[in-house]
Every structure is written in C-alpha cells, then in structure tokens.
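S.K.: In the order they appear, the protein sequences are chains E and V.
Taken in order, the first sequence gives residues 4 to 349; the numbers are from the working numbering.
Taken in order, the second sequence gives residues 16 to 854; the numbers are from the working numbering.
Idealized CB from N, CA, C, for every residue including glycine.
Take this structure first; my questions come after.
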Amino acid sequence: MTGRPSLAAVAVSACLLAGCGGVQSALAPAGVEAAAIARLTWWLFGGAVLIWSGVMALAIFAARSRPGAAPSTADVPGRRRVTDAERRHETRHARRLIIGGGVVFPVLTLALLLLFTLRMTPPLLAADGALTVDVTGEQWWWRVRYRLPDGSEVDSANEVRLPAGRRTSFHVEAADVIHSFWIPVLGGKIDMIPGRTNVLTVEPTAPGVYRGVCAELCGASHALMAFDVVVMEADEFDAWLRAQAQPATAPAAEPAVTGQRLFRDNGCGACHRIRGTDAIGLVGPDLTHVGSRLTIGAGTLPADVPSLAAWIEEPAAFKPGVQMPSYHMLGEAELGALAAYLEALR
Amino acid sequence: MSANAAHDPDLARAQAERLIDVWRSPTGWRYWSDVNNTSVGLWYTAAAFLFMIFGGVLALIMRAQLAVPDNDLVSADLYNQALTLHGSVMMFLFAVPVFEAFSIMVLPQMLGARDLPFPRLSAYGFWCFVLGGVFVCGSIFFDAAPKAGWFMYPPLTTAFEEGIGPDIWLLGLSFIEVAAIAAAVELIVGVLKCRPPGMRINLIPLYSWYILVVAVMILFAFPPLIAGDVLMELERLLDWPFFDASRGGDPLLWQHLFWIFGHPEVYIIFLPAVALVAMIVPTFAQRPIVGYGWIVLAAVGTGFISFGLWVHHMYTTGLPGISLGFFSAASEAVVIPTGVQIFAFLATVLAARRLTFSVPMLFVAGALAIFVLGGLTGVMVALVPFDLQAHDTYFVVAHLHYVLIGGMLFPVAAGLYYFFPLAVGHQLSERLGKWAFWLMFVGFNVTFLPMHLTGLKGMPRRVFTYPADLGLDLLNLISSIGAYALAAGIALLLWEVVRPKKGRPYAERNPWHAGTLEWLAEMPAKPWGVRSIPFIESRYPLWEQQNFVRDVDQGRFYLPDAEEGERETLVTTAIDAEPIQCLRVATPTFNALLAALFTGGVFIFATFHWWWLALASGVAALAVILVWLWTGTAVIPEKPAKDVGLGVTLPLYLSGRASVGWWAMFITMMADMTAFVSLVFGYLFYWTVNARFPPAGAALLEPALIAAAAFALGGAWLATLAARSWNRASRSVAAYAALGAGAVLATAGTALSLRLIGAEDFDPTAHVHPATVAVLVWWIAVHAAVGVLMLVYCAARLKAGRMTPRYDIDLSNTALYWHFVAIEAAVTFALLALFAAGG
C-alpha cells in the first residue's frame, strides 16, 4: 500500500463502520490498484457529502419563511411588475450565484479530479505484467491459461492464482457473448468481447482467498459465473504453478479407479481434458487438477465429493441453461466414484 | 369584429357556441376518433402511467427475489425477462412518452394555441405507442419476452438467445421510436410556428424552450438506435454479420449506436422534468424566474454536450486511453449547465418574498435533494478509475435511480399535482399528497441509498441471485423493504388521481395564481383551449398584462369565432411570432387509428415471420395513409384569406418554407438523414476495425452501374425541381411531363441500385462489407421508391384539381424530400465508388 497511512487508517475505520469487508468488496482492497481506487472513493464520498450538504443548506436558507414579507403578485393579480431597479439588483445577485455555483466551482473541482484520475488509468490498462494470464469468458465459466516468460503454458479453469507483489496482466477474450472480468479486491473490470483481446494489469499485495465475478449480463446464469482468486506468496505461487504444469496422476485406490473408467466410458473426455490421459476435449473446463480447486461450476459449489456427484447428476439444477448434459442415468455409486476420481485430481 | 363582441353579449354568446360546437369531442364510440390535443394528450399520459405501473410491478418482483440470498422465488430466465422489460418499459414506454404525451396536452395551452399543427399525427403516434407497448409488455405473459437487458448487446441477442424475444424488442420498440419521432416533429413545429402573436423568442415560456431542445434531441438521438435496430434485425433474420466478429463485424458498433442514443436519452428524460420545475418554482415563489437567459442557454448546452458523452457507458470495453480521457472530461463538463439550472432555481427562490410549500413544491424540493446526490455520484462514475470498479454494479443502479427518480419521477409527481386542475378541473388533496410524498421520499432513499454500498461491496447488476456469505444480505433486504414503501407512496398518489371526485367542487380558476398562459383555462376547461388567441408582451402575461383575462374571455383578441365551422389556429413566424396564417387543423377521424393498427400489423406479423400478413398489413397501412393525405391535407380553402380579428387578415393556405407542412417534412428528413449518417458511420467504423476493407477477394461493384444509378436518381431529382417550377408557372403539360420523367428515372434508379447488389457472387452473409453495402443500397432504393410514389401522387392531385399552381404544398414537399434523397444517394454512391476504386 502506498499513500498516507493516516488516510488509509481513516478509510479502514470508516470501512469497518460501514461493514464493507468481504472477499468481493472494492472497499476491502488486496492490491495496489484497488487500494488507490478505494482511497479515491473515500475522497469522492467525503466531497460528495460536503457539496450535497452545502446545496441543501443553501436551498433551506433560500426557502426559509420571511415573516412580514411584502404581499406578493398573487394578492394583486394583473398589477405587479418587477421594477427595473429591482431587476438589475436581482440580476447582479443571481448572476453571482449562478456563475459561482454553476460554473466556477464545478470547473475548478472537476479539473482537479480529472487531472488526478487521468494519471491513475494508464497503468491499469498497460500490458506490462511480469506474469500473463489469458482468461476467456464462456457461458458460464472461465478458461484460464498462465503464460510464463519461458514460453510455456499452463491451462486451468474457474480459478485464478496470483503471486503477491508481482504485476500480473490479464489478457481477456470471449468465446461466445460479451462477459466482463472483475476482481473487486484487485482493481477494475474489463470487458471480454468476441473478436477482441483486452488487457488489465493488477498487482496483488495481500495473500488470501478472494472472489471474482462476471459483470456483464451474459445469459440465464450470468449470476452464477464467478471464480476464486487466490493470492499467494510469490515463491509459493511458483511451486504451485510448477505442480499445475504436471499431468494428472493416475488414481491409486477405489473408488477413484472405477471413477476414471466411468469418466472414459461415459465420454466425458469428449468435452473435458485431463492432461496425461486420453481425455482431450476442449469444450468444457480443463479438469487436470480440478481436485485442487476451491470450487466447481464457476464458483457455484465447493469442490468436494458430494457436490461433484450432485453436479454431474444434474448440472442444470445448479446452473440454469448450462451446456453440460445431466447424467442421472448413473447410479449413486457410480456418481460417487466419478466424484472421487475428480476430487483426487490434485 | 371582435371589438364588437365585447359590447354585444348576443354576438359573444353566438361566437362561443360556434367555437364549442367545432371543438367538442365526439361522443359514444366515436370518442376514440378524436384527434384534438386535449383528448389525445390525456389518453397518451394515462397510457404512459399504466406502463409505469407495469414496469414498477416488475421491479417489485425483482426486489422480492433479491430480498434474501439464494432465493428461488422466480427463475433465472423469468428474472432476466423482468429486468429487461423493466428497463425497456420505463425508458421507452414511460419516461420519454409521458413527457411527449403531457406536452401534447398542455403545450397548446401554454402557447395560447387551439391545437398542435398536426393533430392526426399525434393521434397516430399515440395509437402506435399503445399497440407497440402492449405487444412488448404482453410478451412476458407468454414467457417470450426479451431477456438480454434493455441495452440488447450482441452477440447475446443475435446468436445466443432463443425465441423471438429480441425480435419483439427490436420491432416492437422501433415501432414506438417512430411514434416518438412523430411526436417530436409535432412539438418542434408547435413551439416554432404555433405561438401566439407577440410571443417573440425571448418570451417563450421555459417549458416550451425545454420541449424544443428535447424534441430536437429526440430527432438526432433516436435515428442511430433505429439504424442499429435495422442492422440487428437483419442479422437475426438474414444472417448479415454486422455484429459477428468472425466475419468482419464487431459487437462494439451496436454499443456505439445504442449509447449515441442512450446517453442523450437520459437528458431527453431529465430536461422536460426540469421544464416542469421551471414552471412550478416561479408560481410558488410568486415571482418571475431569475436567470431566464442562463437557463435557456444551459438547456441548449446540455442538449449539445449530451451527444458527446456516450462512451462513458463503455469505459470497460478496452478503448484507447485518449478516448477515455476525452469522454471523461466531456462527461464532467455536463455538470456545468446542470449546475447553472439548479442555481438559477435557487436564485429565484432566494429572490422570492415568500415560498408556499404546497404538494408540488414539496415534490420539487424532494427532487432537488435526490437529484443533487445522483449528480454527485454521476461525477464519480464519470471518472475512469472509479468507474472501472463501479461500472455494472449496484452503485450504478443507485446512481441512475437517483438521477431518474430525482430528475424525473419526483418532478413528474409535482407536475401531476400542479397541472391536474387543467386536465380535470379539480385540485388533488393536499393531505394525501403529503402522505404520498413522504412515503415516496423515505421509501426511495431506503431502497436506493444502501445500493451504493451494495455495489462497492461487489454485487454486479442484473443478477437473479447472490450468495449468502458476501455481506450483501442485510443491504438487499433493506432495499427490498424500501421498494415496497416507495410503491405504496406511488400507489397512494395514483389512487388520489383516479378516484372519483363527484362530490368535490371544481377548483377556482388559476388555483395556484400562476402567471403563464395555460392558466387562462376555465375549471373545468372548455374544449376550445382559449376563448381568443391573445397578443403576448410578457413572459408572465397573467401577472403582468393588464386586463388580460377579461380581454381574452371577451374575445377581444384573435380568432374569437368559428364562422366557417372549421377548427382553426394561428401560425406565426419562428423568431418574432408575427401571425402569417390561419391554419385549419384536422377534425376527428378514425384514419389515424386505422393507420396505426395496420402499421403495427407490419411490425407484429414480421416478428412471427408471417410475411404475407405483414405485407397485406403494410399495403392496408399505405392505403389508409393515402386516403388520409388525399382527403385531409393541403385542402384548398373556399377563400384565399380571412379576417382573424384585430384588423388582421391572414391567408388560409401557405406553401413552401412558410408552411407548417414544409417544416414538418424538413424536420422528419433531418431524422431520416441522421439514421442514414449512422449507417455510413457503421461502414467507416468497419473500415477502421478491419485490416482490409473491403476484404481480399470481395465482389467488386461495377463502376459503370454505380454511375448509371447515380445519374438516374440525380435526374429524378432535377425533374422534380422542374415540375415544381413549371407547375408554379402554370405550365401544366410541362409539369406533368416532368413528374412523369421523374417517376421513370427514379424507378430506373431503384432498379439499377438493386442490380448493383444483385450479382451472383455478391453475398451479404459472407462478410460485413457486402452486408453494409447492401444496407446502404437498399436504403437508397427504398427512398427512391417512396419518391416515385410521391411523384405519382402529385400528378394525381394535379389531375384531380386538388393541387394548383398556387396551392402546391404536395409538390413543394415532394421536392424537399427529393433534396434529401439526392444528398443521401450522392454520399452512398460516392462512398461505394471510392471503395470500389481503392479496394
């Protein structure tokens, strides 16, 4: 965190009062950019309260009752004209108020705000991260690919892990409709638009588990298109990424061994890839290390055996309109075996 | 003559009876054939409020669903239909139409006119509006409503949404947009040409100024959306890939076109509400407005700036930094005119000797408190870094409702209370009004104030549910409770409006002691509008012109009589309001209703792909419109001029630039030209986003054919001009010949244009280039075909003796139409030739 600690302290205490903690809150930043924007937010909020109060005070003052006021036009219809002297006097006063309040004050304030905020934007949209992560939005999940400086690539889905203290550039695209990639604790959002590649760069600072969401209406299950964001210490992250680059390890025990056979026999590999096996489908999420993720179904269910089984049986029960077909012809034991296999893919 | 009436009670009574006879609405089922602004305006306003109730119920369903996390009250699919319709209905069926409706009702009163210049056009617009609105709203009861949001972003709407929902949106609302443009034409001509004598441009009531600005904005804001609608419907129907990135298209073009409409739209909604405030504040302050000139300047300025802000809805689409900076600055700049208006009202109140806090003023005060906060959050979201976080979250939901409810609904409630006596003759209850106000004010803030925080805490917009553990539960519950309180307030307000008022006495005349012209109305109002059309020397004639009401009532001013049994009003010059014509306006007819039904048929049948019915309906619409034009427009009067009172004799028929018909045609064609420019913008936009445009191997257009089509249409244009001159010179044979030549050349031009894109290897589905070329060429071809129809119509009018060398509005307007077609054709063919040569 950069900036004056006193202001940050004020912001934090105000934040606690407002109850704005949370894994998905722009007011509880965990990165450089989000912290800067949160600080800007509190300044803007304070300014807005001041200006609003000022205008309201002026309005109340203007509308105050004036005991003993002269009779108004209504009392003498068709008679009262505002005299020229009165009009000149009023014009002078009115002009002062209108120019002062309507022109001078906003021009000064807004110029200041613009100068300040225009400087903040370019780093967010630059493509200068030490690490590059490609994220593709699809109805309704996220395809993730880490691109390392040495040219190697690691595929994943529905979860983003990032090293603390390193700038990471997200290169985002869309496979079908427009989505928007947003991690509130790290920075702003960026749209994923078919035919375009957009870039957003952030620097996470505080290790922890957070949440990102889709911010553009993208169909029936737009509300169920989220992902976990795990910020790790840099060396921890490097180790994790090395592990993710490895192919899946074959299951050693039942019921996972049966689960692997069921995975093959039911044609799951036509849509899903598990590196190191003959499952090479690219339609749905890569499942090579699905057991190591925190959630499944793009942030919809925890990645444990019961949830995996329930999801495979009837995905549409959790995510309306999902493309994955239901497998309720499988028995409970078979679903359990499949889930155990996937859960073991760590 | 009119001076006599003041001394002769019998004459005055006879005049009044004749006026009432002429202006009375038909009774029984024929009531619905009425076209007078008071009837149509009232229906229009009532219909807009009914749609508001519908949109409000949808909002309550959404708030019920979001009251608790992981709720399953409604399905994701139904929720998305509700959110899409809520936005679309509130924008297209309430916020914009209610002001047009209301203006149709009161604008003539404010201008001391008896009606607007084209009553049947208003009626046609109203029936289109009702039909289209019911069609769009009804779809949700068949689970067929659009569900991709009111902004309809492709490719979700072009390739990934099943059913006819998007078609209902595109066709149903395009139909309504046409009605909105019709009303805008009516209102512009009304303000410019139907003012009372003496009401120079610096004496126009502020409301009328605002209406003028807003109507002009509609004229330039709606056509880009209509152009976008056309492109999207063509992609859905014929697979022309305008928004398909894999074939050279770009989903962002839609966003540009939509927001070029969508941001001015916000001010189209906001400015009329300010206009209401500008009428109400002086009345309750009992003094003229302070800073009239500043306010007019600010309104015009807002109108201009509002067209340069659209990109602030697109900060997150990955645009270059320079665009972001420019549009951020422009978005902030709009604060200035808005601030000027607010401070001018405050200055008026400051200068007042006393301020009466009746219900209308209470709503104005509430509007100020709400709107200022909405404006301040607007400053926040206009800043790029803040917006990157706040965009598409509940923070924006809060912001836009503060702006629209503070900037529109509260002023409308104020206006409802204030102007209600004009419509019905009764005043509304102060006590109930105060209850309604406080319920609405508190309910509103309880609903929307927490949403600022909800959004910053990470809740995106347009989600049908949210997880329980994110700290959003309590905030959402509070919002849902507030929403029902707000709804209760609105319900109370509307109940007071509609409940029978049999026992209540009529209000006194001018119950608020206002100074502007509309308060001449008697309670209940007489159908004639004003007893005689006054001469205006002041912005507040009721306050400042001596014996004003008496002179009007005694028929001492213009047109105190209807000797010929015709509905008449005055036409004046645009700047100085010097009377130039006594205009005869339309009497009740079912033609407008029938034309709207058949026009609606075209759009509605097309939605279901029932092409033969759509075609039949289109032919029927054309037939009704031709009957309407033939029997009701450009009617040659029985005498060239008449005495309108005060020793002034005015012509009954004007042609060319002095006539209201010419102005209407000119204004309509400006809207047409704007839609055309939007298509050209699309063509050039694709040129910038594609590395090669036209793409390699694209079918080339034949330069000779381009030239031939251009020459044919240019010839048709010249022939039309020749026909106009020769007709005026009474050379009827030459005029017929020129009309015939024009029709033949225009037909040839149409055929040649279509030939241009008829080649076998020309496939609009292959790439966006041929698709865009095809749209432009079809645009020209359709315009030329309509031009043929108009030329033939003129020849028939000439033959039937309904058009003469002296009375030639038909031909004069046809020539004006052809000017625009010539320009559009020249631009299109030049563009095609340029790219044919360069490609």
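I'd like to check one pair, residue 389 of chain V with residue 414 of chain V: are the Cβ atoms closer than 8 Å?
M.R.: Cβ distance < 8 Å, so residue 414 of chain V and residue 389 of chain V count as in contact.
S.K.: Does the count of Cβ pairs from the stretch 180-196 of chain E and the stretch 23-41 of chain E closer than 8 Å reach three?
M.R.: Yes, since at least three Cβ pairs between the stretch 180-196 of chain E and the stretch 23-41 of chain E fall closer than 8 Å, the two stretches touch.
S.K.: Just verifying my parser: in three-state terms, what is the DSSP assignment at residue 182 of chain V?
M.R.: DSSP places residue 182 of chain V in helix when its eight states are reduced to three.
S.K.: Quick one: which chain E residues come within Cβ less than 7 Å of residue 344 of chain V?
M.R.: Result: 117.
S.K.: So with Cβ pairs under 8 Å, would you call residue 110 of chain E a contact of chain V?
M.R.: Interface residue, yes.
S.K.: Does the Cβ-Cβ distance between residue 593 of chain V and residue 587 of chain V come in under 8 Å?
M.R.: Yes, the Cβ-Cβ distance between residue 593 of chain V and residue 587 of chain V is below 8 Å.
S.K.: With 7 Å as the C-beta to C-beta threshold (strictly closer), list the residues of the stretch 221-250 of chain E near chain V in chain order.
M.R.: Residues passing the 7 Å Cβ filter: 221, 222, 223, 224, 225, 226.
S.K.: Within 8 Å of any Cβ in chain E, is that where the Cβ of residue 479 of chain V sits?
M.R.: Yes, residue 479 of chain V lies at the interface with chain E (some Cβ there is under 8 Å from its Cβ).
S.K.: Skipping 5 residues on each side, what residues in its chain have a beta carbon closer than 8 Å to that of residue 22 of chain V?
M.R.: If we look at residue 22 of chain V and ignore the five residues flanking it on each side, it has no Cβ neighbours.
S.K.: Beta carbon of residue 430 of chain V, beta carbon of residue 291 of chain V: below 8 Å?
M.R.: Against a cut-off of 8 Å, the Cβ pair of residue 291 of chain V and residue 430 of chain V comes out as a contact.
S.K.: Terminal residues of the continuous beta strand (DSSP E) containing residue 204 of chain E?
M.R.: 201-205 is the extent of the beta strand (DSSP E) around residue 204 of chain E.
S.K.: Is it buried or exposed, residue 331 of chain E, if we count other Cβ atoms within 10 angstroms and call 16 or more buried?
M.R.: Its Cβ having fewer than 16 others within 10 Å, residue 331 of chain E is exposed.
S.K.: What is the rounded straight-line gap between the Cα of residue 363 of chain V and the Cα of residue 306 of chain V?
M.R.: One C-alpha to the other measures close to 8 Å.
S.K.: In angstroms with no decimal places, state the Cα-to-Cα distance between residue 244 of chain E and residue 157 of chain E.
M.R.: Distance between the alpha carbons of residue 244 of chain E and residue 157 of chain E is about 8 Å.
S.K.: Suppose you measure from the CA of residue 668 of chain V to the CA of residue 747 of chain V; what does that come to, to the nearest Å?
M.R.: Their Cα atoms are separated by approximately 21 Å.
S.K.: If the criterion is Cβ atoms closer than 8 Å, does the pair residue 3 of chain E and residue 308 of chain E meet it?
M.R.: With chain E covering 4 to 349 only, the question about residue 3 of chain E has no answer from this structure.
S.K.: Would you say residue 161 of chain E faces chain V, with C-beta separation under 8 Å as the test?
M.R.: Residue 161 of chain E does not count as touching chain V.
S.K.: In this structure, what does DSSP give as the bridge partners for residue 140 of chain E?
M.R.: For residue 140 of chain E, which the question treats as bridged, DSSP gives the partners E:145, E:177.
S.K.: On the premise that residue 465 of chain V lies in contact with residue 505 of chain V, defined as a C-beta separation below 8 Å, what is that separation, rounded to the nearest angstrom?
M.R.: In fact, because the Cβ distance is near 20 Å, the residues do not count as touching under 8 Å.
S.K.: Does the beta-carbon of residue 682 of chain V have 16 or more other beta-carbons within 10 angstroms, so that it is buried, or is it exposed?
M.R.: Answer is buried; the Cβ neighbour count reaches 16.
S.K.: Note the first and the last residue of the continuous beta strand (DSSP E) segment covering residue 167 of chain E.
M.R.: Taken as a continuous stretch (DSSP letters only), residue 167 of chain E belongs to no beta strand (DSSP E), as it is neither H nor E.
S.K.: What is the residue span of the beta strand (DSSP E) that residue 274 of chain E lies within?
M.R.: Careful: residue 274 of chain E lies outside any beta strand (DSSP E) and carries neither H nor E.
S.K.: Given that residue 194 of chain E touches chain V, what residues does it touch there, using C-beta distances under 7 Å?
M.R.: 331, 332, 333, listed in chain order.
S.K.: In the DSSP output, which residue or residues are listed as bridge partners for residue 156 of chain E?
M.R.: Bridge partners of residue 156 of chain E: E:150.
S.K.: Can you give me the C-alpha to C-alpha distance between residue 160 of chain V and residue 224 of chain E, rounded to a whole angstrom?
M.R.: Roughly 17 Å between the two C-alpha positions.
S.K.: Listed from N- to C-terminal order along the chain, which residues in the stretch 280-308 of chain E have their beta-carbon within a distance smaller than 7 Å of any beta-carbon of chain V?
M.R.: From the stretch 280-308 of chain E, no residue has a Cβ closer than 7 Å to chain V.
S.K.: Taking the alpha-carbon positions, what's the residue 214 of chain V to residue 235 of chain V distance?
M.R.: Each residue's alpha carbon lies about 27 Å from the other.
S.K.: State the DSSP-derived secondary structure class of residue 535 of chain V, mapped to helix, strand or coil.
M.R.: Residue 535 of chain V falls in the helix class under three-state DSSP.
S.K.: In terms of residues, what are the limits of the beta strand (DSSP E) holding residue 703 of chain V?
M.R.: That residue, residue 703 of chain V, is in no beta strand (DSSP E); its alpha helix (DSSP H) goes 675-704.
S.K.: Got a sec? Which residues, its chain only, sit under 7 Å from residue 117 of chain E by beta carbon, not counting five neighbours each side?
M.R.: Cβ neighbours of residue 117 of chain E beyond the five flanking positions: none.
S.K.: Below 6 Å CB to CB, which residues in the same chain sit around residue 97 of chain V once its five sequence neighbours on both sides are set aside?
M.R.: Hits under 6 Å: 73, 76, 77.
S.K.: Does residue 123 of chain E come within less than 8 Å of chain V when only Cβ atoms are used?
M.R.: Closer than 8 Å: yes.
S.K.: Compare the C-beta of residue 155 of chain V against all C-beta atoms of chain E and say whether one is closer than 8 Å.
M.R.: No, residue 155 of chain V does not count as interfacial toward chain E.
S.K.: Nearest to residue 273 of chain E by CA position, among E:259, E:260, E:288, E:261, is which residue?
M.R.: Per the Cα distances, E:288.
S.K.: How would you write the range of the alpha helix (DSSP H) that residue 284 of chain V sits in, first residue to last?
M.R.: Where residue 284 of chain V is concerned, the enclosing alpha helix (DSSP H) stretches over 266-300.
S.K.: Decide if residue 217 of chain V is buried, meaning its Cβ has at least 16 other Cβ atoms within 10 Å, or exposed.
M.R.: Result: exposed.
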